[in-house]
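Colleague: Starting off with a structure, shown below.
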Amino acid sequence: MLDFPRWKVWAVWLTIAACFLLAIPSFLPASVTRQLPAWVTAPKINLGLDLAGGSYILLEADTADVAETRLEAMRETVASEMRRATPRIAIGDISTRGGRLSFLVRDAAQVDAARERLLSVTGSGAGLTGQREWNIEVVDSTRFVLTQTEAGINQAIEQAMGDATEVVRNRIDELGTREPTIIREGGNRIVVQVPGLEDPEALKALLGRTARLEFKLVDVNANPQEVAAGRAPIGSQILPYAEGGGPIAVKRATILSGDQLTDARQEFDPQNGQPMVAITFNSEGGRRFARVTQENAGRPFAIIVDDEVISAPNINEPILGGAATIQGGFTVESANSLAIALRSGKLPVALKVVQESSISAELGAESIQSGVLAGVVASVALMVFMIVTYLRFGVYTTLALLVNAVMILGIMGFFNATLTLPGIAGFVLTIGAAVDANVLINERIREELRRPRGAIQAVEFGYKEASTAIFDANITNVISAAIMFVFGSGPIRGFAVVLAIGIVTSVFTGVTFTRLLVADYLKRSRPKTLHI
Amino acid sequence: MRPLKLVPDHTNIPFLKYRVVAMVTSLLMLGASIVLCFVMGFNLGIDFVGGQSLRVTFAQPVSQDEVRERVEALGFGEATIQQFGSPQEIGIRTPVPEGGVDAANQAAVKLRSMIETTYPGATIGGVQSVSSKVSEELFRTGAISLALAMAAIALYVWFRFEWQFGVGALFALFHDVVLTLGFFAITQLEFDLNIVAAILTIIGYSLNDTIVVYDRIRENLRKYRKMDIVSILDLSINETLSRTVVTSLSIGITLAILLVLGPEVIFGFTAAMLLGIVIGTFSSVYVSAAILLWLKLKPDSFVPKDVNPHGAERVAAKDLP
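Protein chains in written order, with the UniProt record's numbering: chain A, 1 to 532; chain B, 1 to 321.
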């Protein structure tokens, strides 16, 4: 036990030195960090939102919405596909009620042709097993019923969530905030963390918007009374105005959608100085917009965002340049927010905020301050207690505690771990609990000295006999840390990480490091008796 | 200089003599805790019941009743108003409004704008809102992690020791967790996700204590094979008593300082831990060893029962230097 091989001594000290170096960058002020190369300052502990201040938002997608959107899309696909068929397949009584698409093929002789067509548009297969995305049934020999399969819906949700995460990222990047974290969680959730952002209202407004932009012609022939009563003429639908105003009937067919946008900016109307959104189409969109405005000059069209009509201006002249403007009583903020939403693309699925928390930087700083103060006072109290209880061995314990603290910080820095408020508690607690290993050893040494044994033998037995208890006791802590990490969320995980790191380092410092110090003392002074 | 010794060198306290009294006390407290949990319930934080909470720093001191009236006038149900430190710092909690996610978001906006317009100069330091769907999930995962941790630890003890020890450890854990829950029921301190973490940690440390005692019992069972079981248990507890006291005090000191000086946000967390340490120490000294006796632990439990008698002798000889 006294014979520490030279390489082991070096290994212990090198490990400690490495952790010490890794811990330094976390404590350098930003002014120093900026002057050093990045690799030197890379190992740094991140502060959790509860300490640094910022906003946390949990978004949830309405998956029923995905299925419904998909159903509506299929309705349009089917309609256009049957129209395009040669000879044209006449269909009727099309409906999407009850989550299924059903329609009638007017001529029974065309049923097989219709089925051929349907097979080509309903997708070949989804998922690993290659299940169909849609089930096609024919009832009463001419009525087709299309239902979505589970695999098809799941694939669509998966796709939509992937795209939605990307859109959320784009929108947050547009806000110009620093280092946001955007992670998909589970089947239908997205976690957004933005350090430094204290008022998440703007962010929530931006993310809560699907930003589905559509241009549709206004149905000028609709009877105003029917429209007011909410009954739309065939081929039209009734939509509300965004800023109050009565409902308006528009044609179902979309002339142009936001998919064809290449850019959207907030600008001011040169005529009246009002804020507006200027949009630019890609070449295909520009061509189509030009054609439609040529054909419909003099008639009104509606600019629709998320099923609300923003404005319905008359087409005064054909719009040929591939650019247009959206006006409609905007403020600078609302125009800017719409512009960001439009240029970052539409969300394939509506997202809702299901959990939110934001903490101001002052509150976080207060927490750090009192946390650090408590940590320092607690450590000092503990060290005094250890030294009066075990004298020289208490000093070794104290040294082990200090090294332990530095090692935890160093390792956290190395993994770029996040320190949260419960993390600080975990840290303080680890320090408190780390003494247990030393208490076990020191008490064992006391016992051995009472037997009586010589100093060196007592120390030797003390370390040896205490080891099984230390091992068992620490394993149980590892178990609870692991369970906290797996099942916990956010701050609890932070606590578990600190706890787990603390368990490893406390065994290293409490057992190996103190043994090194004790062995050195025994070899140098060969004491006859120990005061412990 | 002589070291401080809180526990004398040779104690001989007959702990097990009081085992019936200790056990009855334990069972009574357990029963009381369970009743309390059901009758009083918990002051569940918004993590678990949903709702929103705001932390507001007002420009001048304000009356809590006035704030409560104004918040309740918005119509989200009963609001909880809590003071942090100075009378200018107030926490407001409202239940989750009915009508799904949109209603909740509107409620948040209404509450904020009410504060901003009625109390100019007030700053909102922290906002938290949790929808009822998420809170149900958090509650479920919290409960699952508690149950899993207890099961995993009991299994581990059973493998490392004997089944009696596994049952004893499980009972001690159950005892500590239920008593801590009882404490939260009676004090109505807010019970949130952090408290679940605290309880998981208590499980770890309470077991720390129990394991150290058990470890010594196992060792003594091998060493003194002729000694009767009550004496072995008493001896083991006495031998580890000094360690139990020093460690519990160390963690106690740390937690007490954290309780007084640490951030308010973790007050409940620290309180739970501190209480857990006290209960855990009691249960590892009085409860977990006594259970072994009732579960008929025999002095030869750790002597290998294989056919080779020499093997048994060797084990005993190795441990007797």
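Glycine residues also receive a C-beta, built at the ideal position from the N, C-alpha and C atoms. It should be emphasised that the depicted structure is a prediction, and the values quoted were computed from it without experimental measurement.
Does the beta-carbon distance from Leu213 of chain A to Leu342 of chain A come in below 7 Å?
Modeller: Taking 7 Å as the Cβ cut-off, Leu213 of chain A and Leu342 of chain A qualify as a contacting pair.
Colleague: Specify the secondary structure class of Tyr119 of chain B as computed by DSSP and reduced to three states.
Modeller: Tyr119 of chain B: coil per DSSP, three-state reduction.
Colleague: If you reduce the DSSP assignment to three classes, tell me which class Leu373 of chain A lands in.
Modeller: Helix.
Colleague: If we define contact as Cβ-Cβ less than 7 Å, is residue 537 of chain A a contact residue for chain B?
Modeller: Residue 537 of chain A is absent from the structure shown; chain A starts at 1 and stops at 532.
Colleague: When the Cα atoms are used, what is the spatial distance from Phe38 of chain B to Ala164 of chain A?
Modeller: Going by the C-alpha atoms only, they are around 44 Å apart.
Colleague: On a Cα-Cα basis, can you pick out the residue from A:Ala90, A:Phe301, A:Val309 that is closest to Pro247 of chain A?
Modeller: Of the candidates A:Ala90, A:Phe301, A:Val309, the one whose C-alpha sits nearest the C-alpha of Pro247 of chain A is A:Val309.
Colleague: Quick test of the definition: if touching needs 3 or more C-beta pairs under 8 Å, does the segment 432-449 of chain A touch the segment 503-510 of chain A?
Modeller: Contact between the segment 432-449 of chain A and the segment 503-510 of chain A is present, because at least three Cβ pairs lie under 8 Å.
Colleague: Does the segment 228-240 of chain A touch the segment 312-326 of chain A, meaning 3 or more C-beta pairs lie closer than 8 Å?
Modeller: The segment 312-326 of chain A, when compared against the segment 228-240 of chain A, does not touch it at the 8 Å Cβ threshold.
Colleague: Against chain A, does Ser132 of chain B count as a neighbour if the rule is that its beta carbon must be under 7 Å from one of theirs?
Modeller: For Ser132 of chain B, the answer is no, since every Cβ of chain A falls outside 7 Å of its Cβ.
Colleague: Identify, in the order they occur along the chain, each residue of the same chain with its Cβ nearer than 8 Å to the Cβ of His175 of chain B, setting aside the five sequence neighbours on each side.
Modeller: Closer than 8 Å at the Cβ level, and outside the excluded window around His175 of chain B, lie Ser26, Leu30, Ile279, Ser283, Val287.
Colleague: So, are the CB atoms of Thr430 of chain A and Gly48 of chain A less than 7 Å apart?
Modeller: The answer is no: Cβ separation not under 7 Å.
Colleague: Between the alpha carbons of Leu402 of chain A and Gly410 of chain A, how many angstroms are there, rounded?
Modeller: Those two C-alpha atoms are separated by around 12 Å.
Colleague: Using only the alpha-carbon positions, how far apart do Pro200 of chain A and Arg55 of chain B sit?
Modeller: Near 15 Å, if we compare the C-alpha coordinates of Arg55 of chain B and Pro200 of chain A.
Colleague: Rounded to whole angstroms, what is the Cα-Cα separation between Ala23 of chain A and Arg450 of chain A?
Modeller: Approximately 42 Å, taken between the alpha carbons.
Colleague: In the DSSP assignment, what residue or residues form a beta bridge with Ser257 of chain A?
Modeller: According to DSSP, Ser257 of chain A bridges with A:Glu214.
Colleague: Is there contact between the segment 180-194 of chain A and the segment 25-41 of chain A, where contact requires at least three CB pairs shorter than 8 Å?
Modeller: Counting Cβ pairs under 8 Å, fewer than three are found: no touch.
Colleague: Return the chain-ordered list of same chain residues with a C-beta closer than 6 Å to the C-beta of Ala108 of chain B, the five sequence neighbours on each side being excluded.
Modeller: Same-chain partners within the cutoff: Gln52, Ser129.
Colleague: Please give the ranges of any beta strand (DSSP E) in the segment 111-167 of chain B, keeping only runs that are unbroken, at least 3 residues long and fully inside the region.
Modeller: Correct list: 123-130.
Colleague: So, for Ala323 of chain A: in the same chain, excluding its five sequence neighbours on each side, which residues have a beta-carbon less than 6 Å away from its beta-carbon?
Modeller: For Ala323 of chain A, where only same-chain residues beyond five positions count, the Cβ hits under 6 Å are Thr280.
Colleague: Is there a Cβ of chain B sitting closer than 7 Å to that of Asn477 of chain A, yes or no?
Modeller: Yes, because at least one Cβ of chain B sits closer than 7 Å to the Cβ of Asn477 of chain A.
Colleague: Run the CB neighbour count on Pro43 of chain A, radius 10 Å, all protein chains shown included, and call it buried at 16 or more, exposed below.
Modeller: Buried is the call here.
Colleague: For the alpha helix (DSSP H) that contains Tyr205 of chain B, what are its first and last residues?
Modeller: Looking at the DSSP string, the run of the alpha helix (DSSP H) that includes Tyr205 of chain B is 193-223.
Colleague: What three-state label does DSSP hand Ile279 of chain A in the structure shown?
Modeller: It is a strand residue.
Colleague: The beta strand (DSSP E) that contains Leu351 of chain A, what's its start and end?
Modeller: Its beta strand (DSSP E) spans residues 351-359.
Colleague: Ordered along the chain, which non-local residues of its own chain (more than five positions away) have a Cβ less than 6 Å from that of Thr505 of chain A?
Modeller: Around Thr505 of chain A: Asn404, Met407, Ile408.
Colleague: Which partner residues of Ile57 of chain A appear in the DSSP bridge assignment?
Modeller: According to DSSP, Ile57 of chain A bridges with A:Val192, A:Glu356.
Colleague: Between which two residues does the beta strand (DSSP E) holding Thr94 of chain B run?
Modeller: Its beta strand (DSSP E) spans residues 89-94.
Colleague: Rounded C-beta distance between Pro3 of chain B and Ile532 of chain A? I'm assuming under 8 Å.
Modeller: Going by Cβ atoms, the distance from Pro3 of chain B to Ile532 of chain A rounds to 6 Å, so yes, they are a contact pair.
Colleague: Since Asp209 of chain B and Thr187 of chain B are thought to touch, with beta carbons under 8 Å apart, how far apart are those beta carbons, to the nearest angstrom?
Modeller: Actually they are not in contact, since the Cβ atoms of Asp209 of chain B and Thr187 of chain B sit about 24 Å apart, beyond 8 Å.
Colleague: Start and end of the alpha helix (DSSP H) containing Gly276 of chain B?
Modeller: Start and end: 267-282.
Colleague: Out of curiosity, what's the CA-to-CA distance linking Phe469 of chain A and Tyr214 of chain B?
Modeller: For the record, residue 469 of chain A in the displayed sequence is Ala; it is not Phe. Spanning the two alpha carbons is a distance of roughly 9 Å.
Colleague: Please compile the residues from chain B whose C-beta is within a distance smaller than 9 Å of the C-beta of Ile157 of chain A.
Modeller: Near Ile157 of chain A there are no residues of chain B at all, since even the closest Cβ is about 17 Å away, more than 9 Å.
Colleague: Roughly how many whole angstroms lie between the Cα atoms of Thr57 of chain B and Ala22 of chain B?
Modeller: For Thr57 of chain B and Ala22 of chain B, the distance between alpha carbons rounds to 49 Å.
Colleague: Consult DSSP for Gly410 of chain A and reduce its assignment to one of helix, strand or coil.
Modeller: If DSSP states are grouped into helix, strand and coil, Gly410 of chain A belongs with the helices.
Colleague: Would you please verify whether the beta carbon of Trp158 of chain B is less than 7 Å from any beta carbon of chain A?
Modeller: Not one chain A Cβ lies under 7 Å of Trp158 of chain B.
Colleague: Go to Leu83 of chain B, then tell me how far its beta strand (DSSP E) extends in each direction, as first and last residue.
Modeller: What sits at residue 83 of chain B in the sequence shown is Gln, not Leu. That run of the beta strand (DSSP E) goes 80-83.
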